[in-house]
Amino acid sequence: DAEYSFAEVEARWAGWWERAGVFTPREDGSPRRTVVDMFPYPSGDLHMGHAEAFAMGDVMARHWLQCGYDVLHPIGWDSFGLPAENAAIKRDAHPADWTYRNIETQKRSFQRYGIAVDWSRELHTSDPEYYRWTQWLFQQLYRRGLAYRKDSPVNWCPQDQTVLANEQVVDGACERCGAEVTKRTLNQWYFRITEYADALLDDMDQLTGHWPDRVLAMQRNWIGRSTGATVRFQVENGPELPVFTTRPDTLHGATFMVVAADSALALELVAEEHREELEQYREQLKKVSDIERQATDREKSGLFLGRHARNPLTGERLPIWASDYVLSDYGTGAIMAVPAHDQRDLDFARAMELPVRVVVDTGEEDPAVSGVATAGEGTLVNSGELDGLGKQEAIARAIELLAERGTGEGTTTYRLRDWLLSRQRFWGTPIPVVHCQDCGEVLVPEEQLPVTLPTDLKGEQLAPKGQSPLAAAEDWVRVDCPDCGKPARRDTDTMDTFVDSSWYFLRYASPAEESAVFDAQAVGQWLPVDQYVGGVEHAILHLLYARFFTKALHDLGLVPFTEPFRALLNQGQVLNGGKAMSKSLGNGVDLGEQLEQFGVDAVRTTMIFASPPEDDVDWADVSPAAAGRFLARAWRLARDVREYGEPGGDPAASSATVLRQATHKTVHEARQLVEDGKFNVVVAKTMELVNLTRKQIDGGVGAADAAVREATEAVAVLLSLYAPYTAEDMWAMLGHEPSVVRAGWPTVDQSLLVEDTVTAVVQVKGKVRDQLQVAADITEEQLEAAARDSEKVQRFIGDAEIVKVIVKAPRLVNLVVR
Ligand code: ANZ
Ligand code: ZN
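With the UniProt record's numbering, letter number 51 in the sequence shown gets 72, and the count goes up by one each step, no holes.
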């Protein structure tokens with residue numbers, strides 16, 4: 022007998038799906054579904070993380086194909102970015118060389134991995150055909166006032182001459198070279214995502230239940246909408262000092278004020294005798310990253326500015342301090358401190374020996390004694406006309422009082438900041454703007470797009486020098502102003518790669534479209550994405566940016582929907598020994614070696630079987646070898662059916678009711694399990710069906726039985742979701758034309774789903790000779806047929822003639838013979 026060899030099975034089908042165009046949408050009027058995996062960065066080769074994520078997305082795509090949908094499951098490459106640039110600097114090459122070489126390698130691996138994607142729609146964000154439209158979209162946003170430039174302080178490494186992200190500053194030093202990081206003010210491009218803060222929050226209602234709750238919570242938190250009040254305090258012999266507070270009810274408990282030490286406000290307010298002290302303090306702060314500053318366990322520091330302000334409700338005189346625990350870019354950059362009811366204020370008050378006054382009685386211990394601020398519900402005390410009110414009533418009343426006096430009003434504040442999109446790097450989408458002395462910022466005319474990257478820069482020329490490497494390409498930089506024709510200069514910054522990935526899924530609908538960013542009709546037909554798949558590390562930025570872009574494009578009349586991804590699946594990580602794989606731990610698992618040793622299908626099956634999709638997979642705890650043995654067992658069913666079975670038999674005529682029930686039940690349940698994201702259970706169900714089928718064959722039903730063929734075909738369809746090579750091979754052995762991919766979920770016979778089976782007794786001349794498990798609602802004819810088919814019964818009858826049959830369905834058959 023032929024034996025299962027994954028290598029032979031893979032070789033038989035390698036490349037076949039692409040050649041046959043199996044995954045190219047037919048656009049034949051069937052209902053459509055779109056599955057998109059977060060596109061990969063071409064970092065080198067496929068790794069275990071990709072292998073898991075793409076196996077998951079593939080289950081959904083393949084399931085919908087079996088359901089009869091026309092499925093769009095595309096792939097592309099997020100191919101701009103720093104690693105390519107760094108590799109180019111090191112190897113004295115152009116980033117494109119490294120990038121496109123990696124894409125080739127990785128693409129071959131993806132194809133071997135048998136992903137059900139339509140390669141004809143492959144896109145690269147670093148292709149001019151693609152980034153032309155990234156530039157075009159930037160210009161549309163610019164025209165709408167959604168892209169703008171402003172000066173802003175950034176982390177600056179004087180050694181590397183480059184801007185650093187907050188995450189790259191460690192203990193005030195550059196993560197790479199250790200130099201002391203300073204702040205520098207640069208003119209940067211921003212997208213006005215804050216204009217969409219409310220829409221981004223409110224539209225999450227549409228996503229609830231379809232996106233993981235934790236992702237929604239993280240986005241909500243990141244946007245950070247706070248409702249409260251702006252309260253204006255009057256500085257003695259000075260300006261008004263507005264603060265944002267969520268607790269205007271606690272105004273009587275304010276005992277001092279704090280302004281952000283690094284703000285212009287602090288410099289403006291400081292009394293002359295404290296100026297030097299403030300300047301020293303500010304120097305110190307430049308070395309601390311924003312992340313560290315916001316840590317709650319950080320020791321409080323600050324200084325008195327030598328000024329006072331008046332409480333607008335009580336007239337009380339409050340000292341003004343400066344500290345780093347107040348952020349310059351949140352609210353108004355200044356606060357009223359209420360130490361009794363705000364922990365950060367209490368810590369500061371205790372450190373600086375400032376008074377603490379309770380104004381909300383919560384029944385808890387005095388914060389001045391306990392050191393724990395009381396933030397909960399309670400009754401107002403020491404608060405004049407607010408006394409006796411509850412917290413919520415007092416908030417409303419305080420806002421009324423402030424409004425009456427003209428010293429405040431209700432306001433909403435957000436934590437979300439505009440999106441800083443410019444990068445002083447080479448390998449990204451050039452910003453399509455020209456700067457002219459006379460005309461200012463001028464958009465590059467649409468017919469001149471794309472503004473392509475110069476191809477003659479390489480190696481050291483790309484190294485960071487404090488401005489974009491593009492600035493060094495003088496020929497490229499110098500252009501005539503599109504408006505006045507005078508000499509002007511191109512913008513030399515490139516876009517954050519998150520801009521490229523904020524709209525790629527839209528391009529998949531019509532990737533070859535040359536005259537527009539996309540074909541509106543195709544976008545309307547394929548999008549929004551029905552199932553988006555990717556890692557939780559993108560819970561905030563990428564997903565928020567893509568949602569923002571979609572909303573902005575909606576408002577520009579370019580797309581008819583406001584949310585890009587109907588459903589989101591965050592696959593877990595692949596660990597090894599309980600820890601994330603890493604070079605330093607030396608616990609990396611090489612995907613290529615796993616594929617060589619166990620085969621694609623065994624690795625994919627292992628990924629899917631190990632745990633629910635959103636849980637981590639610990640490679641140390643799984644057995645791809647066992648998965649391989651399961652696939653071999655499944656495959657042998659098809660081999661035996663081919664060898665002994667005759668096609669065309671009617672399973673309904675089979676007496677193997679138990680097997681038929683199991684088959685139909687498995688198919689029925691599996692469909693729902695996939696929809697519910699319980700992919701691992703689908704594998705378990707397939708295993709059970711494979712084992713049962715083998716038992717039935719060996720137990721007398723035989724491989725020729727139509728019910729066995731039926732079960733084996735169901736196994737092939739189930740396997741097509743996660744073991745594509747084996748499934749295709751089985752389907753062919755069963756005598757079908759390829760491909761199994763669109764074979765369709767077998768039609769479920771509802772009568773076989775009846776949970777209750779009963780034991781029917783078969784008697785020959787009044788003596789019990791066999792017992793059959795049958796459906797409770799089996800018909801008289803079916804039961805008689807089953808009884809006649811029983812091997813045991815046949816043995817007792819031998820050559821005798823059946824003269825009479827008494828059937829009492831579902832319990833009894835009595836055969837009278839002579
Ligand atoms: C007085 C007060 C009393 C406050 C109280 C809280 C509790 P969220 O909810 O995060 O929006 N705050 C305002 N601007 C700030 C800034 N730039 N840096 C640091 N803290 C700032 O927080 C709003 C509260 O955070 C505001 O309400 C303010 O403190 C503080 F019992 O005002 B509160
Ligand atoms: Zn001009």
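Cβ coordinates follow ideal geometry from the N, Cα and C atoms, glycine included.
Simplified DSSP assignment, three categories, for residue i
i, result
"residue 479", "coil"
"residue 768", "coil"
"residue 340", "strand"
"residue 516", "strand"
"residue 594", "coil"
"residue 810", "helix"
"residue 494", "coil"
"residue 176", "strand"
"residue 185", "strand"
"residue 44", "coil"
"residue 1", "Outside the displayed span of the chain (22 to 839) sits residue 1, for which this structure offers no information."
"residue 39", "helix"
"residue 247", "strand"
"residue 524", "coil"
"residue 395", "coil"
"residue 358", "strand"
"residue 71", "helix"
Extent of the continuous beta strand (DSSP E) to which residue i belongs
i, result
"residue 206", "203 to 212"
"residue 712", "No beta strand (DSSP E) contains residue 712, which is instead part of the alpha helix (DSSP H) from 700 to 717."
"residue 829", "823 to 829"
"residue 508", "508 to 511"
Host alpha helix (DSSP H) of residue i (start-end)
i, result
"residue 752", "745 to 754"
"residue 439", "That residue, residue 439, is in no alpha helix (DSSP H); it is neither H nor E in DSSP."
"residue 124", "116 to 133"
"residue 259", "It is not in any alpha helix (DSSP H) - residue 259 carries neither H nor E in the DSSP assignment."
"residue 416", "412 to 426"
"residue 617", "612 to 619"
"residue 277", "Segment 277 to 281 is the beta strand (DSSP E) holding residue 277; no alpha helix (DSSP H) there."
"residue 289", "285 to 290"
"residue 572", "562 to 576"
Top-ranked residue by Cα proximity to residue i, from the options
i, options, result
"residue 764", "704, 211, 43", "43"
"residue 52", "750, 545, 79, 22", "545"
"residue 80", "820, 691, 824, 791", "691"
"residue 37", "813, 23, 762", "762"
"residue 827", "821, 820, 819, 838", "838"
"residue 141", "674, 364, 41, 396", "41"
"residue 473", "69, 63, 155", "155"
Contact under 8 Å by Cβ, residue i with residue j
i, j, result
"residue 773", "residue 783", "no"
"residue 442", "residue 212", "yes"
"residue 174", "residue 206", "yes"
"residue 846", "residue 479", "Because the chain spans 22 through 839 in this model, residue 846 falls outside it and cannot be assessed."
"residue 138", "residue 84", "no"
"residue 55", "residue 579", "no"
"residue 638", "residue 598", "no"
"residue 570", "residue 497", "no"
"residue 451", "residue 464", "no"
"residue 123", "residue 50", "no"
"residue 379", "residue 402", "yes"
"residue 241", "residue 351", "no"
Whole-Å CB distance - residue i paired with residue j, under 8 Å assumed
i, j, result
"residue 5", "residue 264", "Nothing in the structure corresponds to residue 5, since the chain is present only between 22 and 839."
"residue 275", "residue 306", "That belief does not hold up - the Cβ atoms of residue 275 and residue 306 are roughly 24 Å apart, past 8 Å."
"residue 652", "residue 684", "At roughly 19 Å, the Cβ-Cβ gap does not stay under 8 Å, so residue 652 and residue 684 are not in contact."
"residue 640", "residue 595", "6 Å"
"residue 61", "residue 98", "6 Å"
"residue 729", "residue 804", "About 21 Å; that fails the 8 Å criterion."
"residue 415", "residue 270", "4 Å"
"residue 576", "residue 210", "That belief does not hold up - the Cβ atoms of residue 576 and residue 210 are roughly 20 Å apart, past 8 Å."
"residue 745", "residue 752", "About 10 Å; that fails the 8 Å criterion."
"residue 339", "residue 332", "6 Å"
"residue 766", "residue 88", "6 Å"
"residue 268", "residue 433", "At roughly 15 Å, the Cβ-Cβ gap does not stay under 8 Å, so residue 268 and residue 433 are not in contact."
Any chain D beta carbon closer than 8 Å to residue i
i, result
"residue 26", "The question asks about chain D, but that chain is absent: this structure has only one protein chain."
(request) Let me have the residue list for ligand 4: C-beta closer than 5 Å to any non-hydrogen atom, ordered along the chain. (result) Questions concerning ligand 4 fall outside what the structure shown contains, since the ligands it does hold are ligand 1 and ligand 2.
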